[in-house]
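*Asks:* Residue numbers (the numbering used here): 5 to 257.
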Amino acid sequence: MTRQEKDQFIDSIAEKLKASKNLYLADISGLTVSDSNELRRLCFNKGVEVQVVKNTLLRKAMEKVEGNYEEAYELLVGNTALMTSESGSVPAKVIKEFRKKHDKPVLKAAFIEESLYLGDEQVKELASLKSKDELIGEIIGLLQSPAKNVISALQSGGSNLSGILTTLSDRPEAPGEAAETKEEAPVEEVKEEPVAEEKVDESSADDSTEEKANEETPTEKSAEESKNVEDADESESADSEEGADNAGEDKKE
5 MTRQEKDQFI DSIAEKLKAS KNLYLADISG LTVSDSNELR RLCFNKGVEV QVVKNTLLRK
65 AMEKVEGNYE EAYELLVGNT ALMTSESGSV PAKVIKEFRK KHDKPVLKAA FIEESLYLGD
125 EQVKELASLK SKDELIGEII GLLQSPAKNV ISALQSGGSN LSGILTTLSD RPEAPGEAAE
185 TKEEAPVEEV KEEPVAEEKV DESSADDSTE EKANEETPTE KSAEESKNVE DADESESADS
245 EEGADNAGED KKE
C-alpha cells in the first residue's frame, strides 16, 4: 500500500468513525478463513458492518476525529476488527451468538453514544442495552403505571436504570412541557392615568341656572292663573256691592 493509499484509507476510516455512534473493536485473530466468512455472513444478516483494520492506521484515524478514543489506544494490539451498527446492542449479540461455537471474537472496547466500555466482560451488559426508542417506550409505560411498578423498575438492574436516566436527560421537551416549566413573565402594572376634569364654563353654568330658575312648571302656572281669576272675581264682586250701596243711598236721598 502506497503512502497515498494509506492516507486515503485513514480518511475513509475517520469518516466511518464520525458517522457511527456505535463502534466495537474486537479481536478475531485465530479464526480460520471459513470461520471468518461465517462471522461476516452473520454480521451482514444482523445489519453489522465488520472490517479488519491495522492498528496503526486505525489509531491515526481516531486521532483525526473528536471522541474519547485515547483510552482505547493501548488495546490496539494484535488483530483488530472494526464493527459498526445502527444499534448499540446488536454487535454484542452477534459476538455472544458466534461464541457459542467459537472462542472469538473477543471484545476490546465499545463506544456507544459517546460512552466507553472497556474489556470483554462488558459483552453481556452491552447485549442487554436497549435502543433509545425502546427506552422512551418503557419510560412512557412506567409513567402510566402505578407507583409500585415505577419503584420496582428503578430498583432493577443498574444498566437499565443508567440507560433510562441517560434517555431522560437527552430527551427534548415537548411544547406543552416547555410551556409548564417556563417561568411566568412578570405582569407589568398598569398605572391609571388621572382623568382630567372637564372645566365648566362658569358663565354658561350661571346662565343655565338662571334659565332653570325662570322656567315655571305647568302646575305652578295653573295655580297662579287660578289665583288671578279668583282675585278678579273678588274685585268684581266688591265693585258690585259698592255700586249697590251707592244706588241705595241715592234712593234714600
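No residue lacks a Cβ here, since even glycine has one placed at the ideal position from N, Cα and C.
Going by DSSP, what residue range makes up the beta strand (DSSP E) through residue 148?
*Replies:* Note, residue 148: premise wrong, no beta strand (DSSP E); not H, not E.
*Asks:* Which residue's Cα is closest to the Cα of residue 118: 132, 32, 35, 69?
*Replies:* The candidate whose alpha carbon is nearest that of residue 118 is 69.
*Asks:* Taking the Cβ atom as the reference point for each residue, do residue 102 and residue 27 lie within a distance shorter than 8 Å?
*Replies:* Not a contact, by the Cβ cut-off of 8 Å.
*Asks:* On a CA-only basis, which of 100, 83, 12 is nearest residue 50? Give me that one, please.
*Replies:* Nearest of 100, 83, 12 to residue 50, Cα basis: 100.
*Asks:* Alpha helix (DSSP H) containing residue 24: first to last residue?
*Replies:* Taken as a continuous stretch (DSSP letters only), residue 24 belongs to no alpha helix (DSSP H), as it is neither H nor E.
*Asks:* Expressed to the nearest angstrom, what Euclidean distance is found between the alpha-carbon atoms of residue 54 and residue 62?
*Replies:* So the two alpha carbons sit approximately 14 Å from each other.
*Asks:* Below 8 Å between beta carbons: does that hold for residue 31 and residue 105?
*Replies:* No, the pair does not count as a contact, with Cβ atoms beyond the cut-off.
*Asks:* For the 8 Å Cβ check, are there 3 or more pairs between the region 29-44 and the region 125-134?
*Replies:* No, because fewer than three Cβ pairs between the region 29-44 and the region 125-134 fall closer than 8 Å, the two stretches do not touch.
*Asks:* By Cβ distance below 6 Å, which residues in the same chain neighbour residue 17 in space, the five residues on each side in sequence not counted?
*Replies:* Only 65 meet the Cβ criterion.
*Asks:* Taking 8 Å as the limit between beta carbons, can you name the residues of its chain near residue 93, skipping five residues before and five after?
*Replies:* So the list reads 130, 131, 132, 133, 134, 135, once near-sequence residues are dropped.
*Asks:* Is the Cβ-Cβ distance between residue 83 and residue 56 less than 8 Å?
*Replies:* Yes, the pair counts as a contact, with Cβ atoms nearer than the cut-off.
*Asks:* For residue 14, count neighbouring C-beta atoms within 10 Å of its own C-beta (all shown protein chains included) and say buried if the count is 16 or more, exposed if not.
*Replies:* That one is buried.
*Asks:* Who does residue 121 pair with in a DSSP beta bridge?
*Replies:* Answer is 114, bridged to residue 121.
*Asks:* Apart from the five residues just before and just after residue 73, which ones in its own chain have a Cβ nearer than 6 Å to its Cβ?
*Replies:* Counting only Cβ-Cβ distances below 6 Å, and skipping sequence neighbours, we find 66.
*Asks:* Note down, in chain order, each residue of its chain lying with its Cβ closer than 7 Å to the Cβ of residue 42, except the 5 sequence neighbours on either side.
*Replies:* Taken in chain order, the list of residues that qualify is empty.
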